[in-house]
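What follows is one structure encoded as C-alpha cells, with my remarks underneath.
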Amino acid sequence: MNVNSDTKWMDLPRGGAMIEAGNAVDFKTGDWRAMKPIWYKDKCKHCLFCWAVCPDMSIIAKDRKLVKFDYDHCKGCGVCVAQCKFGALELVVEE
1 MNVNSDTKWM
11 DLPRGGAMIE
21 AGNAVDFKTG
31 DWRAMKPIWY
41 KDKCKHCLFC
51 WAVCPDMSII
61 AKDRKLVKFD
71 YDHCKGCGVC
81 VAQCKFGALE
91 LVVEE
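Listed below in C-alpha cells is the structure:
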C-alpha cells in the first residue's frame with residue numbers, strides 16, 4: 001500500500017502497521033510537547049537510568065555518559081525526570 005498525504009485513515013491497514021521500518025527518525029514528534037526536561041550537567045552522575053527508561057530514545061549517550069537530549073523526538077513525558085535521583089533533570093514548561 002502506498003501511504004501519502006492524501007491517504008485517509010480508513011484506508012490504512014488495521015492494527016496500526018508500520019509501513020516502513022526505521023522511519024521514526026524522519027518525523028519530528030517532539031514539537032507538540034507541553035513540558036521539556038532540562039539537564040543539569042554538573043549534577044549528573046551518568047548512571048544512565050534516564051536513558052534506559054526513555055520511551056522515545058531521546059536521551060543520547062556515548063561512552064557510557066549522557067551527551068544530550070534529542071528534543072526533536074522528546075515528548076516531555078517526564079519519565080526520565082522521575083527516574084533521576086540526583087536532581088540532574090527538571091521538567092519545565094515548554095516555551
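Position 50 (the sequence shown) corresponds to 50 in full-length UniProt numbering; numbering is contiguous. We treat Cβ as the ideally placed atom computed from N, Cα and C, and that holds for glycine.
query	result
Start-to-end residues for the alpha helix (DSSP H) that takes in residue 32	Unbroken run through residue 32: none, as it is neither H nor E.
C-beta contact flag for residue 50 and residue 77 at 8 Å	no
Neighbourhood of residue 61 by C-beta, 7 Å cutoff - its chain only, sequence neighbours within 5 removed	48, 51, 67
Selected residue, minimal CA-CA separation from residue 75, among 82, 88, 55	55
Within the UniProt domain "4Fe-4S ferredoxin-type" (65-94), ranges of the beta strand (DSSP E) (whole runs, at least 3 residues)	65-69, 89-93
Range of the contiguous beta strand (DSSP E) that encloses residue 41	Element bounds for residue 41: n/a, residue is neither H nor E.
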